Structures are given as structure tokens and as C-alpha cells.
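Participant:
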Amino acid sequence: MDQDSQAPGGAEEASRNRVGAVDHALRLLLLLQQEPELRVTAAAAAVGIAPSTAHRLLSTLADRGFVTQDRVSKAYRAGPALIELGVGSTSAFDLRAAGEPHLRALSAKLGETVNMLVLQGPSVRFVAGFESDQRVRTHVLTGTMLPAYAVSGGKVLLAELSRDRLRELYPTGLRKLTPRTKTFTQLVDDLSLVMMRGYALNEGESEEGLSAVAVPLRDQLGRVIAALAVSAPSSRMSRRQVREIVIELRECAALIREDLSRRSS
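Following the working numbering, the numbering of the sequence shown begins with 3 at its first residue and continues without gaps.
#1: Taking C-alpha atoms, which residue in E102, M147 and V158 lies nearest to G131?
#2: Curious, which full-length alpha helix (DSSP H) runs of at least 4 residues does the segment 179-217 contain?
#3: Check Q243 in the structure and name its three-state DSSP category.
#4: With a 10 Å radius around its C-beta and 16 neighbouring C-beta atoms as the bar for buried, classify M197 as buried or exposed.
#5: With a CB to CB cut of under 7 Å and the five nearest residues on each side skipped, what residues in its chain are close to P124?
#6: From A45 to A52, what distance separates their C-alpha atoms?
#7: I'd like the list of long-range same chain contacts for R79, defined as Cβ closer than 6 Å, with 5 residues on each side in sequence excluded.
#8: Kindly list the residues whose CB is nearer than 7 Å to the CB of R252, restricted to its own chain and excluding five residues on each side of it in sequence; keep chain order.
#9: Work out the CA separation of G22 and Q8 for me, nearest whole Å.
#10: Look up T279 in the DSSP assignment and say whether it is helix, strand or coil.
#11: Check Q122 in the structure and name its three-state DSSP category.
#12: For V24, does the count of other Cβ atoms within 10 angstroms reach 16, so buried, or fall short, so exposed?
#13: For R139 and G211, I'd like the C-alpha separation in whole angstroms.
#14: Can you give the Cα-Cα distance for L168 and L193, rounded to whole angstroms?
#15: How close, in whole Å, do the beta carbons of L108 and V120 come, if the pair is a contact with beta carbons under 8 Å?
Set out below in C-alpha cells:
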């Protein structure tokens, strides 16, 4: 068989390979929406490809800004390009632009990790954040989605909803992430407390050994548009520290609201 007769089949096979590579890359990005970080071996197993292939794909995605690699752990996290796709509305961009300087300052002042979250259906998306520089710390989760009921910022956002709406979001109940994850009835009771005191706690409900506190970010009409959260190892978040952090978070929220107001005027 001459080369001309082989060419169509060869081109078709090459095309299939290219489409397969795109599919694998997209599946890696989808994994990063659910997991805060990916390691090459685990990513390869999840997608069903060789570790060497996963490494090449992740390296390519890193070159394009879709993922970043931690210099110490070598794990991959959501990069700026992926984050931009995940928060692609004008309002989300405004939130990030207005919030990031204040989140950075708060993280530096407290020495802990700070995140901004928005509600997306039954989940929350982390849209901006800055990580503590302490040796033992919690990670920034920007770009990641987690069940809203299990994180402090999610509870702040869910507290604004009716019980009927909560049932619509979680018709089959709440999947346990840790032994401390609440049941639906416990969540409803907890959300009433959140409304009363104006902040929410996560005490090992999303990850064992992690604690977090969050407050709402409201627009000029008083509507909750996002949540601001500080997270830390549970050993560094006593009740007294929670009270101090809540004060700082509320001041941060006020500054962001002022910046948002200026941008819209």
C-alpha cells in the first residue's frame, strides 16, 4: 500500500489521539474543581492515564496558567486562567478586584489563610484567597468547589435561604465529609445560630483538624453576595481567637463593600 492510501487513516488516528489528549486535560481540570490539589500519580489514576502522560498534560496546563505547582509539595492547584473561567461574570471579577487587596492585608495581619466564597447551587466556589506563610497552615482553595453545608463561608450563604430552598438543594440529605459533618436537621439549627450571631463556624466539618470562621459580605442594598472566611489548624483557633477574627473579618467586609460601591458609581 502506498503512502497516499495510508495518509487518511494516519490522519484520523492522529486526530483521535489529539482529541483524547484534550479530553484527558479537561478531566484533570474538572478534578481541580472538586479537589484543592492534585498529585501526578493520583491524577493519572483518576483519569486512567499513565503518570508520565498526566505529568506532561499538567505541565502544559501550567504553562498556560490553568494550574500552578506548589514548589514544596509539587502538587498542582487551580491556576489564574482556570479561576477566571470559573468566575467569568462581571460581578465576580468586580468582587475579586475589590476584595483581593483587603484579603491580602488581612491574611498578613492575622497570619492565617483568608478566602472569599460565592454560592453556586448546593456548593460554594472559592473565588479569591491568600495563604498563610506559617509552616503548618491551611491552603488557599481558589477555583475549588465544596459542599456549602460543610464550610463556614457556605453556611453564611445558606443562612439566607428558606428551609424549603435548603431541601431543594439537598433532597437526599448531606454527605458526610468527616465524622463532624452535620445532618440536615443539625444544619438547619446551626443556620439559625448563624443568622443570630452574624458569623459561621466550621469545626472539622470539611476536613479533620481544620477550623474556619466566616462572615457575610453584603452589597449596598444589604444582600449577601459572598462570604469572607479565615481558616487555620484547629489548634490555632480558640473561642477567643474566633471573636477577634470575626471583628477583623467584618472590618475587611466593610472595606470591600466601600470599594465595590465606588466601582459601581
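By construction, the Cβ of each residue, glycine as well, lies at the ideal position given by its N, Cα and C atoms. Note that this is a predicted model, so its numbers are computed, not measured.
Facilitator: With the given structure in hand:
#1: E102
#2: 186-199
#3: helix
#4: exposed
#5: P149, A150, L171 and Y172
#6: 9 Å
#7: E39 and T70
#8: V217
#9: Annotation note: pLDDT 44 at Q8 (below 50); position unreliable, coordinate value reported separately. C-alpha separation (whole angstroms): 21 Å.
#10: Nothing about residue 279 can be reported from this structure: the residues present for the chain run from 3 to 267 only.
#11: strand
#12: exposed
#13: Only weak support exists for where R139 lies, its pLDDT of 49 falling under 50; the coordinates are left without a value.
#14: 11 Å
#15: That belief does not hold up - the Cβ atoms of L108 and V120 are roughly 18 Å apart, past 8 Å.
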